[in-house]
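Take a look at the structure set out below.
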Amino acid sequence: MALSFMEGNEAVARGAMAAGCTFFAGYPITPATTVFANMLKMLPPKGGICVQGEDEIASMGYCIGASMAGRKVLTATSGPGLSLYSEQISFAVGSEIPLVIVDVQRLGPSTGSATRGADSDIQFMRWGNTGGVPVIVLVPKDALDCYLLTIKAFNYAEEFRCPVFIASNKEIGMTKESVDLDAVDLPELVERKKYQGDNYVPFEAAPDAAPDFLPIGGETLVRQTSSTHGTDGYITIDPRVIEANQERLQNKILAAEERITLYEENHRPGAKTLVISYGVTSRAVDDACDLLGEKGVPVSSLTLKSLWPVPETLLVKAAENYDRIVVIEMNLGQYLGEIQRVLCGKNIKFYGQMNGILIKPGKIMEVIEND
Amino acid sequence: MTSLLNAERPPVFCPGCTHERITKELDKALEKKGMAPDKTVIVSDIGCSGLFDTFFNVHALHGLHGRALTYAQGLKLADPTLNVIVTMGDGGLGIGGAHVLAACRKNLDITLIVLNNFNFGMTGGQYSSTTPTDATVGSEFLNHAEVPIDICAVAESAGATYISRCSGHDTALADIMVAAMDHKGFSLVETLGMCTGRYTKKNQLTPKALDAMIEAMPRKNGLVAKNQRAEYGEAYRELALGQTHFPMPVTIEKQFDPTAPKREEIVILGSAGMRIVTAGDMVCYAGMAAGMNVSMKNDYNITVLRGQSVSEILISPEKIGYAGIEAPTVVVAISDEGVQRRKAMFATLSPDTFVLKEKSVSIPETPAMVVEIDFKALKVKRHDWALASLGVLAKEGRGLTPDLLAYAVGARFNKKVAAIAMETLGKISGS
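Okay, here's the thing in structure tokens:
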């Protein structure tokens, strides 16, 4: 068996290449820079395009333009850059422009700590757009996940015509580890559904689906706009048209919740507690549960790999047989509220840490053991 | 050719607004150029200039304020066969200034038409980046304390290859646009016009006055000789063609069967310039060659040539979960800066922990087993101390073996560097 040795950011880039990404635009920012650096090495030899924007706003603008020309595009940033992406993300969300955005999270708020990890942006990714339209956020726990989830992110972006986030973390992005790329079960690649008829209406779609796509520059004229639009892509003030579109933007994601949901679970016989976590923290949770198991205290774990849309069906089912839920986050409780909402009535305990260092398995054991 | 104006969506500007004339002149220009509608895209900004994309039967993209050039450049890079025209007002010019500068510097083959009417028409006639200091606009006194920018002068200094300034009422406007579109590279056409809904209500402005303004400004007309160079897309593609090597991942086959594979937590405490990260890589390569899982976290200053450099490595026969160091089995202390960064760790070490300390380095009290080495006496240069330390660990059988280390050296370096590294390691194994 041959293992590869790479950091999470390189794994993201390799995942993007495997998914057929041909365009990257970004702006250097620690700890996401090496996604850019890797794409700059990988795209040109394969005929792809990789450029540096004059700032993050421009980088997203380039991505939006390239996506509308029909390309699969990737960009990568961290918290302060995500702030600048925000207006363009709103455009991409509202106007159904497929993009994959890697947020290699660092300790916020603001410039925070460039080289310290935290799951700082879990709510920001979801709500950092005007209009509150749902997005898809996937969250890797290690380099191998970075590879696999990036491919899945492209598939989701193409299918649902929306920005898909990879909620990475400095502690994954910049940690090198051995990975067995050959052991990954790669999903079949999804390509953007091209319109086949002869009367293209750019935003015409079923009530819970994304519209078919045609590129700007193709034989059929295409209209794209950040303004509130009707199916024809022209500005509209017709409340019924607006409402139908808003609902469709919401439904196309929420109706597919179960299909989008990604997770790992480890239910141990006799366990009374289920620990729910995501990202790099879930690695420490797994260790803690193993160690407790060795001590004769069985504890189960659920690792979420998709955070938005909230995997409500999964949460309810996974938590069904447990008296107590423990939520561990590398922040002060950004996702806790979602779990409390979905699992209301359950006894939910929380531990969050946001001090620039990883949560240790020992700490998690302490939280689990002490009622 | 026929008009590309969209008969179903005629211009909706205020009576007397120069934008309407510019719309028609742009249509004439597209006609004169014989632009294929399916190979043409109008990218419009925000404000009244942001309506332009709706008036034409071509591809259209309308986005956020000041960002039109960013979408335009993404489109042009992704599809070089597109004719890309951007319409933007003086508002977009101000808020998107960084993008205008970047577009001038890049020189992608795009035509930017700036519809300068000296104020924000749509939001109430507030002052913009081009409002004259003495104008009366909807911003009370604010514009009286600022000066307007001359975008043509700015563009010239930013490297624009083609600049044109004219009145929106210029009889030759269509030809001026055609000439700009003919230019292979970024072209900027600034049109001066009247906002009859707002600006001209309180400021005297006529086509004649616009002509006088243009006369009074530095003349900008056509190619900027000093800035001539290759179009960005062509330059980019030519440079990219030289990048033929696709980097494959570093992959290490299992080469050795360790007799008693066990978990190791190795911490290397050094300074910038001591090749700490490279040493960490080698420890990982060695671990992988022994069929183990590895992970490595590095900690160094953002000023990469100064300060500590710390590498933390886990080697495990099991899958690695938590990737932090909890109970180091080996600590290499080769600089005071590195030690300072992890000074609290020393008191927590177990008596079994192997601490290798260079003679010149001070470490805090520790229950661990401390072995001192004098690299200076062995004539090992400071930048090789990390590598030499691995030689010591291999010799002592701590974390790696001589075979694994020799393999890692060969895997990490090219032949020449590997030979030099083995020479350095020879000083250790022979000592």
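Line by line, the protein sequences are chains A and B. Heads up, the first sequence stops at 370 in numbering that gives the first Met the number 0, and the numbers go up one at a time, no gaps. Heads up, the second sequence stops at 430 in numbering that gives the first Met the number 0, and the numbers go up one at a time, no gaps. Idealized CB from N, CA, C, for every residue including glycine.
- For K318(B), no beta strand (DSSP E) run applies, since DSSP gives it neither H nor E.
- Put simply, the backbone Cα of G123(B) is about 13 Å away from that of N116(B).
- Counting only residues of its own chain and dropping the five nearest sequence neighbours on each side, I28(A) has a CB closer than 7 Å to the CB of T76, S77, P79 and G80.
- Assignment of Q72(B) by DSSP, reduced to helix, strand and coil, places it in the helix class.
- Within the model, the alpha-carbon separation for V379(B) versus E371(B) is close to 15 Å.
- Within the segment 46 to 71 of chain B, the residues whose Cβ lies closer than 8 Å to any Cβ of chain A are, in chain order, D52, T53, N56, V57, H58, A59, L60, H61, G62, L63, R66, L68, T69, Y70 and A71.
- Using a Cβ-Cβ cut-off of 8 Å, V221(A) counts as an interface residue toward chain B, since at least one Cβ of chain B sits closer than that to its own.
- No Cβ-Cβ contact shorter than 8 Å links M364(A) with A117(A).
- For I251(B), the closest Cβ of chain A is nearer than 8 Å.
- Beta-bridge analysis with DSSP links W307(A) to V136(A).
- Not a single CB atom of chain B sits nearer than 8 Å to the CB of K294(A).
- From the beta-carbon of V50(A), the residues of chain B found nearer than 7 Å are L76.
- Secondary structure note for D102(A): its beta strand (DSSP E) is the uninterrupted segment L98 to Q104.
- Within 10 angstroms of the beta-carbon of C145(A) lie 16 or more other beta-carbons, which makes it buried.
- By the CB criterion at 8 Å, V293(B) and I324(B) fall outside the cutoff.
- Residue pairing by DSSP puts S310(B) in a beta bridge opposite I267(B) and N297(B).
- Taking the C-beta atoms as reference points, I333(B) is found nearer than 8 Å to S388(B).
- Contacts between Y199(A) and chain B, judged by CB atoms closer than 7 Å, are missing: the closest CB pair is about 12 Å apart.
- Per DSSP, the continuous beta strand (DSSP E) segment holding Y277(A) begins and ends at T272 to Y277.
- Beta-bridge annotation (DSSP): Y350(A) is paired with I327(A).
- Near chain B, meaning a CB-to-CB distance below 8 Å, the residues of the segment 172 to 202 of chain A are M173, T174, K175, E176, S177 and L180.
- Judged by DSSP secondary structure, M368(B) falls within the beta strand (DSSP E) whose first and last residues are M368 to I372.
- Residue burial is scored here from C-beta neighbours: P246(B) has fewer than 16 other C-beta atoms within 10 angstroms and is therefore classed as exposed.
- Taking the C-beta atoms as reference points, V103(A) is found no nearer than 8 Å to V200(A).
- In the DSSP annotation of this structure, the continuous segment of the beta strand (DSSP E) that includes A1(A) starts and ends at A1 to E6.
- The straight-line gap separating the alpha-carbon atoms of G269(B) and F345(B) is approximately 15 Å.
- Beta-bridge analysis with DSSP links G107(A) to no other residue.
- With respect to chain B, the C-beta atom of Q87(A) has a partner C-beta closer than 8 Å.
- E263(A): member of the beta strand (DSSP E) spanning Y262 to N265, first to last residue.
- Of E95(A), S112(A), D54(A) and K348(A), the smallest CA-CA separation from L273(A) is found for K348(A).
- Nearest neighbour of A1(A) by Cα position, chosen from M16(A), V341(A) and D179(A), turns out to be D179(A).
- Taken in chain order, the whole beta strand (DSSP E) runs of length 3 or more contained in the segment 34 to 95 of chain A are 48 to 51 and 72 to 76.
- The continuous beta strand (DSSP E) containing E176(A) extends over residues K175 to V178.
- Comparing C-alpha distances from G15(B) to each of G192(B), N5(B), E233(B) and K342(B) shows the shortest one belongs to G192(B).
- Interface with chain A (8 Å Cβ-Cβ cutoff): C283(B) is included.
- Counting only the Cα atoms, K253(B) lies some 13 Å from P260(B).
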